[in-house]
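Visitor: According to my numbering, the sequence shown is numbered sequentially starting from 635.
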Amino acid sequence: MSTMLSSDLPLPKIGRGKVRDIYDAGDDRLLLVTTDRISAFDVVMTETIPFKGAVLTQLSAWWFGQLGGVVPHHMISADIDAIIEALPQLGAQRAALAGRTMLCRRTTVFPIECVIRGYLTGSAWKEYAASGTLAGEQLPAGLLESAKLEPWIFSPATKAETGHDENITVARMAELIGEEASYTLESMSRAVYTQGEAIAREQGIIIADTKFEFGRDAEGRIILIDEVMTPDSSRFWAAADYQPGRSQPSFDKQPLRDYLDAERRAGRWNGEAPPPALPDSVLQATSLRYRDAFRRLTGAELAID
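(1) Could you tell me the alpha carbon to alpha carbon distance between residue 771 and residue 818, rounded to whole angstroms?
(2) What is the DSSP secondary structure of residue 903, counted as helix, strand or coil?
(3) Are the beta-carbon atoms belonging to residue 822 and residue 816 less than 9 Å from one another?
(4) I'd like to check one pair, residue 936 with residue 689: are the Cβ atoms closer than 9 Å?
(5) Give the single residue among 766, 736, 788, 762 whose Cα lies nearest to the Cα of residue 752.
(6) When the Cα atoms are used, what is the spatial distance from residue 864 to residue 900?
(7) Ignore the nearest five residues each way along the sequence and tell me which others in residue 857's own chain have a CB closer than 8 Å to its CB.
(8) What do you get for residue 801, buried or exposed, if any count of 16 or more other CB atoms within 10 angstroms of its CB means buried?
(9) Where does residue 669 land, buried or exposed, given buried means 16+ other C-beta within 10 angstroms?
(10) Enumerate in chain order the residues of its own chain whose CB-to-CB distance from residue 775 is below 7 Å, with the five nearest sequence positions on each side excluded.
(11) Check the C-beta distance from residue 870 over to residue 841 and give it rounded, since I have them as a contact under 8 Å.
(12) Less than 9 Å separating the beta-carbons of residue 892 and residue 882?
(13) Taking the Cβ atom as the reference point for each residue, do residue 747 and residue 720 lie within a distance shorter than 9 Å?
(14) Rounded to the nearest angstrom, what separates residue 769 and residue 888 at their Cα positions?
(15) Looking at residue 737 and residue 717, is the spacing between their C-beta atoms short of 9 Å?
(16) Is it buried or exposed for residue 671, if we count other Cβ within 10 angstroms and need 16 for buried?
(17) Using DSSP with H/G/I as helix, E/B as strand and the rest coil, what is residue 889?
(18) Measure from the alpha carbon of residue 643 to the alpha carbon of each residue in 931, 803, 685, 667, then state which is nearest.
(19) Output the boundary residues of the alpha helix (DSSP H) element that contains residue 938.
(20) Identify which residue in 759, 844, 749 has its Cα closest to the Cα of residue 803.
(21) Alpha helix (DSSP H) containing residue 714: first to last residue?
(22) For residue 802, which beta-bridge partners are listed by DSSP?
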């Protein structure tokens, strides 16, 4: 499988996100092509991560299969043969699209990142350490870094296509999308995390935090969309190595985050675009983390033919 920075398909292109290229597939359907682009701290890197798009697509498809009885979702198929049968004009692109492409129901997307925090880490820990709060709301005193949060915290954020997402309160989310939709998004987020956290823990993985996206389909249903519990949207820790009071090694883009943090501390990067060049060692280490997360969670090898 060759790496992909961007795609160019014989379909109307709707948009390009930080990682995905989005196409109109007709009949209230979208085609999502997950490239090997990677972002960190809300900045898209110049380089690609080998196999990353395949991990995100195939792991999301696996999770959607696990979650069918929990919440409705947007996946129609991630099987390349079924996709080309539905969209025969993509036949010549089969090799490039296999393993990284998903045919989905089209929705009107809520402009909210629905974050569930099961543990105090990342930006949540930084805010708590500085002020004892999360999104401006007070948390109990004396919590350690990586402490388990009981109950889990639902912490929404505004969704930014470029630039930095901003943590907001649940009350602010209700102002933006309405009380009923806000309640539904929180309830569905908690239900998905409950199921996912239990499945992952059986595989020796802690999902420390994760974020979900939702949209309303043509029938008016609110459904789970985009990706779900992948190394891009989640922080995975090895349960056997978990120890509160310190940061935890992660099965995600942690090698990239660590490198960028070092560049910022050294004054070589200001945290905004353009990003610094990434050495091959960081690219390969990040790729290995992604594939390891897939293998540990699913018990299967990544399909890369």
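Glycine included, each C-beta is placed from N, C-alpha and C at the ideal position.
Guide: In this structure, then:
(1) About 21 Å.
(2) In the structure shown, residue 903 sits in coil (DSSP, three-state: anything other than H, G, I, E or B).
(3) Taking 9 Å as the cut-off, the Cβ atoms of residue 822 and residue 816 do not count as close.
(4) Yes, the Cβ-Cβ distance between residue 689 and residue 936 is below 9 Å.
(5) With distances taken between Cα atoms, residue 752 lies closest to 788.
(6) Cα to Cα, residue 864 sits roughly 30 Å from residue 900.
(7) Exclusion of the five residues before and after residue 857 leaves 705, 706, 707, 708, 739, 741, 848, 849, 850, 851 as the residues of its chain whose Cβ lies within less than 8 Å of its Cβ.
(8) Burial call: buried.
(9) By the 10 Å Cβ count, residue 669 comes out buried.
(10) Taken in chain order, the residues that qualify are 766.
(11) The beta-carbon separation of residue 870 and residue 841, rounded to 6 Å, stays under the 8 Å limit for a contact.
(12) No, the pair does not count as a contact, with Cβ atoms beyond the cut-off.
(13) Their beta carbons are not under 9 Å apart, which means residue 747 does not touch residue 720 by this criterion.
(14) Answer to the nearest angstrom: the Cα atoms are 23 Å apart.
(15) Yes. Within cutoff.
(16) Label assigned to residue 671: buried.
(17) Three-state DSSP puts residue 889 in a helix.
(18) Checking every option, the nearest Cα to that of residue 643 belongs to 667.
(19) Taken as a continuous stretch (DSSP letters only), residue 938 belongs to no alpha helix (DSSP H), as it is neither H nor E.
(20) Looking only at 759, 844, 749, the smallest Cα-Cα distance to residue 803 is reached by 749.
(21) Segment 714-720, the alpha helix (DSSP H) holding residue 714.
(22) Bridge partners of residue 802: none, in fact.
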